[in-house]
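Enquirer:
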Amino acid sequence: MSISNRGKVEVTLPAEETDLSAEEIVPHTNIATADAIKKRLNDKAFLGFLQKNPEAVDNSTDDEYLLQKIEVFENIQRVKQQVKEFITKEAGANFTGVVDDSFMDSMEAVAIKDPVVFLEFSTNISQYLETAKKSKGLEITYQKMATIFKIEGDLDRLSDSAKIGFINEVHARLAVESTAVQHDKKKLEDSHSGLYWFLRSKKKIADDFKPFDDRIQALKVLEGNLDQAAITGFIEEAERIKGELKGNMALEVVRVEFIKKAQARIAEAIKSENNSDLIKDQAVFGGLRERASILDDDKFDDFAKNIDQYSKEQLFYSTEEMVDTKEVTLSTFEKGIQTMRKKGMDLGLNIAECNGQIVATLKDKIKELKAKPNDGQNKIKLILAKRILTNLE
Numbered sequence: 435m436s437i438s439n440r441g442k443v444e445v446t447l448p449a450e451e452t453d454l455s456a457e458e459i460v461p462h463t464n465i466a467t468a469d470a471i472k473k474r475l476n477d478k479a480f481l482g483f484l485q486k487n488p489e490a491v492d493n494s495t496d497d498e499y500l501l502q503k504i505e506v507f508e509n510i511q512r513v514k515q516q517v518k519e520f521i522t523k524e525a526g527a528n529f530t531g532v533v534d535d536s537f538m539d540s541m542e543a544v545a546i547k548d549p550v551v552f553l554e555f556s557t558n559i560s561q562y563l564e565t566a567k568k569s570k571g572l573e574i575t576y577q578k579m580a581t582i583f584k585i586e587g588d589l590d591r592l593s594d595s596a597k598i599g600f601i602n603e604v605h606a607r608l609a610v611e612s613t614a615v616q617h618d619k620k621k622l623e624d625s626h627s628g629l630y631w632f633l634r635s636k637k638k639i640a641d642d643f644k645p646f647d648d649r650i651q652a653l654k655v656l657e658g659n660l661d662q663a664a665i666t667g668f669i670e671e672a673e674r675i676k677g678e679l680k681g682n683m684a685l686e687v688v689r690v691e692f693i694k695k696a697q698a699r700i701a702e703a704i705k706s707e708n709n710s711d712l713i714k715d716q717a718v719f720g721g722l723r724e725r726a727s728i729l730d731d732d733k734f735d736d737f738a739k740n741i742d743q744y745s746k747e748q749l750f751y752s753t754e755e756m757v758d759t760k761e762v763t764l765s766t767f768e769k770g771i772q773t774m775r776k777k778g779m780d781l782g783l784n785i786a787e788c789n790g791q792i793v794a795t796l797k798d799k800i801k802e803l804k805a806k807p808n809d810g811q812n813k814i815k816l817i818l819a820k821r822i823l824t825n826l827e
């Protein structure tokens with residue numbers, strides 16, 4: 435070792451070590467890595483996530499640890515958007531807004547506790563959305579065909595097995611329709627003698643056949659737009675992926691958060707007496723139960739019970755208001771009950787439940803009317819109410 439004139443220490447390496455490259459002698463600094471970490475450490479959202487990790491303080495100087503946490507954080511950000519898409523696909527656009535900060539917080543908790551489980555969820559959600567995206571165009575085409583053939587059913591609300599049945603029915607009807615057109619065309623040919631065809635002009639013969647030829651061509655176009663194997667494959671793949679999602683901690687978090695938001699929506703709609711929202715949500719929940727997606731039977735039954743209770747209360751108040759109207763006739767009574775029954779059925783009650791609630795309320799009102807038969811139109815109301823009651827019972 436020697437001291438230079440400039441005061442620096444010069445190190446003379448042993449001969450056997452002089453073969454090392456400059457890169458091996460000088461420690462390597464990854465500028466891109468340092469910049470990525472610095473950028474995230476200036477991101478309040480990431481810092482908020484980092485503070486939830488119990489070991490973060492002890493590893494704050496460990497670049498490898500921080501890079502791993504950055505990857506998890508970025509994955510969470512992506513999955514949040516995917517969960518929105520998943521809920522939109524399963525429940526409809528009206529429920530997209532439920533994926534808020536509470537969803538994010540719950541996702542972070544799963545990702546911190548078990549990153550592997552979260553990654554599995556992320557992968558499956560991505561695959562499911564990709565499959566759903568590919569099947570969407572075909573589903574629209576099949577729904578159009580069903581409308582043409584007057585086949586009942588909404589693909590968006592059917593279970594996977596029912597969807598496949600629906601697809602098969604469209605193809606079966608297509609085959610029947612094609613055979614029927616060919617049969618009618620043959621009947622036209624057979625109904626004319628050779629002399630007839632000899633005497634008719636080629637144009638007239640072509641005109642006779644045109645409706646059948648056009649219809650056959652239209653059926654060929656319809657059939658060409660359908661891909662039975664592809665759509666069935668997409669449906670089966672989606673069912674497989676959803677099966678793998680079940681039980682995953684992250685999916686359970688999504689289910690719990692969705693149920694909380696759904697309960698809040700129902701409570702708000704009931705409070706504001708927003709029947710149209712309740713009717714829409716009731717339909718959504720029914721579809722989710724049918725497809726075994728997000729909601730299970732128990733939760734659906736809870737929602738239905740709340741809405742049914744609200745429906746019966748609405749029928750009670752509506753029946754009271756109708757009887758309390760200043761002047762009534764048999765027609766106003768009948769129309770009022772018809773309107774109330776429709777409202778109850780729209781909200782999920784059956785005819786018997788609607789009639790049962792109306793009958794119970796009418797009986798109470800009849801008791802009141804009997805107590806004061808000579809007040810105003812009470813006697814008329816009593817006559818009409820008893821007649822309506824007899825018809826309902």
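The numbering of the sequence shown is the working numbering, which starts it at 435 and goes up by one. Glycine included, C-beta positions come from ideal geometry on N, C-alpha and C.
In terms of alpha-carbon separation, which member of L679, Q697, L783 lies closest to Q561?
Expert: Comparing Cα-Cα distances from Q561 to each of L679, Q697, L783, the minimum goes to L679.
Enquirer: Rounded C-beta distance between S540 and E691? I'm assuming under 8 angstroms.
Expert: 6 angstroms between Cβ atoms; contact.
Enquirer: Just to confirm, is the Cβ distance from K478 to A490 under 9 angstroms?
Expert: It is not a contact, given that the beta carbons lie outside the stated cut-off.
Enquirer: Alpha carbons only, please: which of S745, E761, N808 is nearest the one belonging to N784?
Expert: N784 has its Cα closest to that of S745, out of S745, E761, N808.
Enquirer: Just checking my contact of F750 with Q791 at CB under 8 angstroms: how many whole Å lie between their CB atoms?
Expert: The Cβ separation is near 6 angstroms, so the contact holds.
Enquirer: Excluding the five sequence neighbours on either side, which residues of its own chain have a C-beta within less than 7 angstroms of the C-beta of T565, listed in chain order?
Expert: Closer than 7 angstroms at Cβ, skipping near neighbours: F668, E671, A672, I675.
Enquirer: Taking just the CA atoms, how far does D661 sit from T575?
Expert: Their Cα atoms are separated by approximately 10 angstroms.
Enquirer: For K486, which of helix, strand or coil comes out of DSSP?
Expert: Correct three-state label for K486: coil.
Enquirer: Where does E827 sit, in a helix, a strand or coil, going by DSSP?
Expert: If DSSP states are grouped into helix, strand and coil, E827 belongs with coil.
Enquirer: Would the segment 725-742 and the segment 751-765 be scored as touching if the rule is three or more Cβ pairs under 8 angstroms?
Expert: No: fewer than three Cβ pairs fall under 8 angstroms.
Enquirer: Should the segment 687-702 be regarded as contacting the segment 713-720, the criterion being three or more beta carbon pairs within less than 8 angstroms?
Expert: As far as the Cβ criterion goes, the segment 687-702 touches the segment 713-720, which means the pair count is three or higher.
Enquirer: If E603 sits next to L653, beta carbons under 8 angstroms apart, how far is it from one beta carbon to the other, in whole angstroms?
Expert: The Cβ separation is near 16 angstroms, so there is no contact.
Enquirer: Put D715 into one of helix, strand or coil per three-state DSSP.
Expert: Helix at D715.
Enquirer: Taking only runs that begin and end inside the segment 773-820, name each unbroken beta strand (DSSP E) of 3 or more residues, in chain order.
Expert: Whole beta strand (DSSP E) segments, 3+ residues: zero.
Enquirer: I need the straight-line Cα distance from C788 to L712, nearest angstrom please.
Expert: Distance between the alpha carbons of C788 and L712 is about 17 angstroms.
Enquirer: Is it true that the CB of G782 sits closer than 9 angstroms to the CB of I741?
Expert: Against a cut-off of 9 angstroms, the Cβ pair of G782 and I741 comes out as a contact.
Enquirer: Residues in the same chain with beta-carbon distance under 7 angstroms from F507, minus the five sequence neighbours each way, listed in chain order, please.
Expert: Answer for F507: F480, F483, listed in chain order.
Enquirer: Would the beta-carbon of I650 fall within 9 angstroms of that of K619?
Expert: In this structure, K619 lies closer than 9 angstroms to I650 by Cβ.
Enquirer: If I measure Cβ to Cβ from K597 and keep anything under 7 angstroms in the same chain, skipping five residues before and after, which residues do I get?
Expert: Closer than 7 angstroms at Cβ, skipping near neighbours: L589, I669.
Enquirer: Closest to R591 by CA distance: which of A805, L685, K523 is it?
Expert: The shortest C-alpha separation from R591 is found at K523.
Enquirer: Do you know offhand how far Q511's Cα is from A543's?
Expert: Going by the C-alpha atoms only, they are around 13 angstroms apart.
Enquirer: For a quick check, are the C-beta atoms of V757 and A819 less than 9 angstroms apart?
Expert: In contact: V757 and A819 (Cβ atoms closer than 9 angstroms).
Enquirer: Among the candidates S569, D642, M683, whose CA atom is the shortest distance from the CA of S556?
Expert: Per the Cα distances, M683.
Enquirer: CB-CB under 6 angstroms to A614, same chain, minus the five flanking residues each way: which ones, in chain order?
Expert: Here the set comprises nothing.
Enquirer: Mind reading off the beta-carbon distance from R725 to D731? Whole number of angstroms is fine, and I expect it under 8 angstroms.
Expert: 12 angstroms between Cβ atoms; not a contact.
Enquirer: With DSSP as the reference, label D539 as helix, strand or coil.
Expert: D539: helix per DSSP, three-state reduction.
Enquirer: Inspect the beta-carbon positions of V572 and F520 and report whether they are closer than 9 angstroms.
Expert: The residue asked about is misnamed: residue 572 is Leu in this sequence, not Val. Not in contact: L572 and F520 (Cβ atoms no closer than 9 angstroms).
Enquirer: Can you tell me whether I465 is buried or exposed? The criterion is at least 16 other CB atoms within 10 Å of its CB, across all chains shown.
Expert: Exposed, by the Cβ-count rule.
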